[in-house]
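Q:
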Amino acid sequence: MAKPRKSTKAPKVAPKVDAPSLAEAIVNFAWALERDALHKLTHPFAKIVDNAALPAPAETAAEPREAA
Numbered sequence: 048m049a050k051p052r053k054s055t056k057a058p059k060v061a062p063k064v065d066a067p068s069l070a071e072a073i074v075n076f077a078w079a080l081e082r083d084a085l086h087k088l089t090h091p092f093a094k095i096v097d098n099a100a101l102p103a104p105a106e107t108a109a110e111p112r113e114a115a
């Protein structure tokens, strides 16, 4: 019976991370997600919403004037 080969790879060890830096990283990531989500929600529609809130100018509301 053949002997099993010995692994030459180093054992996988999780990197040591102290709790405060991990908590800070999670909070920063969550804050970035929220900021990104708010930007995506407001940015494309900001101009449309602002324009919809404004009353239409008199010239565009009425029929356009003919050139004299």
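Start counting at 1 in the sequence shown, then tack on 47, and there's your number in this note's numbering.
Positions of the beta carbon are idealized from the N, C-alpha and C atoms, including for glycine.
Please read these numbers as outputs of a predicted model, since none were measured by experiment.
#1: Quick check: what's the CA-CA separation for A79 versus P67?
#2: What does the alpha-carbon distance come out to for the pair K87 and P62?
#3: By how many angstroms is the C-alpha of K50 removed from the C-alpha of D65?
A: If we stick to the structure as given:
#1: Roughly 18 Å between the two C-alpha positions.
#2: Their backbone Cα atoms lie some 34 Å apart in a straight line.
#3: Rounded to the nearest whole angstrom, the CA to CA distance from D65 to K50 is 41 Å.
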